[in-house]
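Trainee: The structure that follows is given in the form of structure tokens.
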Amino acid sequence: MRIERLPISVLRTRYVPGGWDLLAFVLVFAFFVYVAQAAHGLAGSLARLEATPISLAPAALVGYAARTALRMLIAMLASLLFTFTYATLAAKSRRAEVILVPLLDFLQSVPILGFSITILFFLQLTPGRVAGAEMAAVFLIFTSQAWNMAFSFYHSLRSIPDELVEVARNFQLSPWMRFWRLEVPFGMPALIWNMMMSMSGGWFFVVASEAISVGHTTVTLPGVGSYIARAIEQKNLAAIGWAIGAMFVVILTFDQLLFRPLTASADWFRLEQETGLTPSHSWALTMMRRSRVLGLVGRAFAALLRAGMKPHAPAAAGRLRPRVVSIVQPIAQFLAAFPANLLFPIVVSGIVLLRLNPDIWLSPLMILGTQWYILFNVIVGASALSPDLRYAGENLGVRGWLWWRRVGLPAVFPFYVTGAITASGGSWNASIVAEVVSWGKEKLTAHGLGAYIAEAINAADFRRTVLGIVVLSLFVVTLNRLFWRPLYARAERKFRIS
């Protein structure tokens, strides 16, 4: 038997890295360096951390931003796990829904500083170590993210068209397969946009999450939030400016490397494929697809997002006007993430100089980070509008106000109600930040439950703290039961696409 010799080029194929491979390698290497830098000192001594003051040097913001971003990312992963578990149980079990949905209303209404008393529990888990304080900070960020995401996914599960449920039943999908092949893909576009909003909500309360003070216990973790708190204490306007710049860079990084690929991937979950639309673009997603280094990871990521079958969910907002959304998306995220604390210099100086009433002029701070809940949900609702309905309206000559009354507003209304519910709870949560403001030694306090709870927490008065939180939560839950929930049920019943 004669064995033919093959050319070396055939026996051994040379691998030549391309530009996407080089970019992928740089980003992966930078990610590992970032994680190592951000995780540095987690097992260190808490006493040593307390002895090291927060530096207002601009160079220190690099490490602080890395620490804050890692906390945000961990809290987001925990919020996703909570969302898939809690919202699914509430949507599928009538008995559980009676308990879980009001409980979610209650949890959403509890101000983030109301959860700060848990810091004592986390500190006892790792006595004398930084890890306990880090867990407390992540938990506080989690409380500013999870409730909104859970409401969004719960709404999506309750809005699945009947025909898709019937198809899943005819294919005899198991509950596990139905969850990953129908329910998660259907709820993914709305969940992605609410993940952006929740991430911004975490930034809004970043000062309360990293500069924690409960009675005589004070923990200041290295991060952007602690940097802002220190700058406010020292009335350092230059440091405030550097903090805004660092926040913008981190938010833009999250947008380009996480949320932009996710919104582009949401095209896989379209209920109906529409011709003539420019697909959303993400250079990071293109890199994952074309890089051989990330080929395996990219295919696994795509398989996870496709969830094993053709997508079933409504279009992402970027499918409507992708160029506009690509510009508006990072701007909206930044504005939604803008902490009210950064406006304290202007607000305090203006109120003191003009002798204004704090009860009136501190109120706008309450809605600073909450109107975005409505905006993001309305974007999702507009994207969920079926192309068939749009074409039917065009063919029938429905235009102007008639189109809005018969087509546009009915399609958006259920999503608006969902956003309004979360915005309502978020406004009460923000009251604890908005009703007590300070700039250096100047301190202004409005009359309200937020100020009552904040002062009780600072005084370590457990009874007053619990009383304030219970009164606030009962008020919010009662309002939801008497107004928002009936409105939500009507929107779900009247405007559901079946």
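Each residue of the sequence shown is one higher than the one before, starting from 8 at the first, in the working numbering. Note that CB positions come from ideal geometry on N, CA and C, so glycine has one too. Treat the numbers as computed from the prediction; the structure is a model and nothing was measured.
1. Restricting to Cα atoms, I'd like to know which of L481, W200, I235, M202 is closest to S216.
2. Relative to the alpha-carbon of T429, which residue among V117, N402, V257, F193 has its alpha-carbon at the smallest distance?
3. So the candidates are P352, R101, P168, I219; which of them puts its Cα closest to the Cα of I148?
4. Let's test the definition: count the other Cβ atoms within 10 Å of the Cβ of H454 and tell me whether it reaches 16, buried, or not, exposed.
5. May I ask which residues mark the beginning and end of the alpha helix (DSSP H) holding T150?
6. Considering W368, what are the terminal residues of the beta strand (DSSP E) in which it resides?
7. So, with DSSP's three-state summary, where would you put A66?
8. Under the DSSP definition of a beta bridge, which residues are partnered with S434?
9. When the distance is taken between beta carbons, is I119 closer than 9 Å to I439?
10. Kindly identify the DSSP beta-bridge partner or partners of K448.
11. Flag this pair as yes or no: are the beta carbons of L382 and G426 separated by less than 9 Å?
12. Three or more beta-carbon pairs under 8 Å between the stretch 57 to 65 and the stretch 199 to 213, yes or no?
13. At what residues does the alpha helix (DSSP H) containing P118 begin and finish?
14. To the nearest angstrom, report how far apart P109 and F129 are at their CA atoms.
15. Rounding to the nearest angstrom, what Cα-Cα distance links A253 and T260 in this structure?
16. Give the secondary structure of S220 by DSSP, where H, G and I count as helix, E and B as strand, and everything else as coil.
17. Starting from R412, trace the alpha helix (DSSP H) both ways and give me its first and last residue.
18. Thinking C-alpha only, which one of T92, V42, R55, A67 is nearest A76?
19. Could you tell me whether any Cβ in chain B is nearer than 9 Å to the Cβ of M195?
20. Would you report the Cα separation of A175 and R185, rounded to the nearest angstrom?
21. Report yes or no: do the stretch 93 to 102 and the stretch 467 to 479 share at least 3 C-beta pairs separated by less than 8 Å?
22. Can you tell which of V414, T225, S159, Q115 has its C-alpha closest to the C-alpha of V424?
23. Return the first residue and the last residue of the alpha helix (DSSP H) that D169 is part of.
24. With C-beta atoms as the reference, is A418 less than 9 Å away from F351?
25. Would you report the Cα separation of A82 and Q152, rounded to the nearest angstrom?
26. Just to check my reading of the structure: A441 and M373 have Cβ atoms closer than 8 Å, yes? What is that Cβ distance to the nearest angstrom?
27. Excluding the 5 residues preceding and the 5 following V359 in the sequence, name in chain order all residues of the same chain whose CB lies nearer than 7 Å to its CB.
28. Just to confirm before moving on: does the CB-CB distance between V226 and I126 stay below 9 Å?
29. Can you tell me the Cα-Cα spacing of M294 and L30, whole angstroms?
Mentor: For this structure:
1. Numbered from its first residue, the sequence shown carries residue 216 at position 209. Residue I235 is the option with its Cα nearest to S216.
2. As a working note, residue 429 is residue 422 in the sequence shown. T429 has its Cα closest to that of V117, out of V117, N402, V257, F193.
3. Along the sequence shown, read from residue 1 onward, the residue named residue 148 stands at position 141. Among P352, R101, P168, I219, the Cα nearest to that of I148 belongs to I219.
4. Indexing the sequence shown from 1 puts residue 454 at position 447. With fewer than 16 other Cβ atoms within 10 Å, it is exposed.
5. Here residue 150 refers to the residue found at position 143 when the sequence shown is read from its first residue. From DSSP, the alpha helix (DSSP H) with T150 extends over 137 to 150.
6. The residue labelled residue 368 in the question sits at position 361 within the sequence shown. Not the beta strand (DSSP E): W368 falls in the alpha helix (DSSP H), residues 365 to 368.
7. In the sequence shown, residue 66 corresponds to position 59, counting from 1. If DSSP states are grouped into helix, strand and coil, A66 belongs with coil.
8. For the purposes of this step, residue 434 is identified with residue 427 of the sequence shown, where counting begins at 1. BP columns for S434 are empty, so no partner.
9. Here residue 439 refers to the residue found at position 432 of the sequence shown. Here residue 119 refers to the residue found at position 112 of the sequence shown. Yes, they are a contact pair.
10. Mapped onto the sequence shown, residue 448 falls at position 441. Looking at the DSSP output, K448 sits in no beta bridge, so it has no partner there.
11. Taking the first residue of the sequence shown as position 1, residue 382 is located at position 375. Taking the first residue of the sequence shown as position 1, residue 426 is located at position 419. Yes, Cβ-Cβ distance for L382 and G426 is below 9 Å.
12. no
13. Counted from its first residue, the sequence shown places residue 118 at position 111. Unbroken run through P118: none, as it is neither H nor E.
14. Residue 109 sits at position 102 when you count from the first residue of the sequence shown. Residue 129 sits at position 122 when you count from the first residue of the sequence shown. Cα-Cα distance, rounded: 27 Å.
15. Looking up residue 253 in the sequence shown gives position 246. Looking up residue 260 in the sequence shown gives position 253. If I take the Cα positions, the gap works out to 11 Å.
16. To locate residue 220, count along the sequence shown from 1; it is residue 213. Three-state result, S220: strand.
17. Working through the sequence shown from its first residue, we reach residue 412 at position 405. Neither: R412 is in no alpha helix (DSSP H) and is coded neither H nor E.
18. Taking the first residue of the sequence shown as position 1, residue 76 is located at position 69. Checking every option, the nearest Cα to that of A76 belongs to V42.
19. Included in the structure is just one protein chain, with no chain B present.
20. Along the sequence shown, read from residue 1 onward, the residue named residue 175 stands at position 168. Along the sequence shown, read from residue 1 onward, the residue named residue 185 stands at position 178. A175 and R185: Cα-Cα distance of roughly 7 Å.
21. no
22. Taking the sequence shown and counting its residues from 1, one reaches residue 424 at position 417. Ranking V414, T225, S159, Q115 by CA distance to the CA of V424 puts S159 first.
23. One-based indexing of the sequence shown puts residue 169 at position 162. 169 to 177 is the span of the alpha helix (DSSP H), which, as asked, contains D169.
24. Sequence index remark: in the sequence shown, residue 418 carries index 411 (1-based). Sequence index remark: in the sequence shown, residue 351 carries index 344 (1-based). No. Outside cutoff.
25. By 1-based counting over the sequence shown, the position of residue 82 is 75. By 1-based counting over the sequence shown, the position of residue 152 is 145. The alpha-carbon atoms of A82 and Q152 are separated by roughly 8 Å.
26. If you number the sequence shown from 1, residue 441 lands on position 434. If you number the sequence shown from 1, residue 373 lands on position 366. Indeed, because the Cβ distance is near 4 Å, the residues count as touching under 8 Å.
27. Indexing the sequence shown from 1 puts residue 359 at position 352. Counting only Cβ-Cβ distances below 7 Å, and skipping sequence neighbours, we find E449.
28. Here residue 226 refers to the residue found at position 219 of the sequence shown. Here residue 126 refers to the residue found at position 119 of the sequence shown. Yes, they are a contact pair.
29. Along the sequence shown, read from residue 1 onward, the residue named residue 294 stands at position 287. Along the sequence shown, read from residue 1 onward, the residue named residue 30 stands at position 23. Cα to Cα, the separation comes out at about 8 Å.
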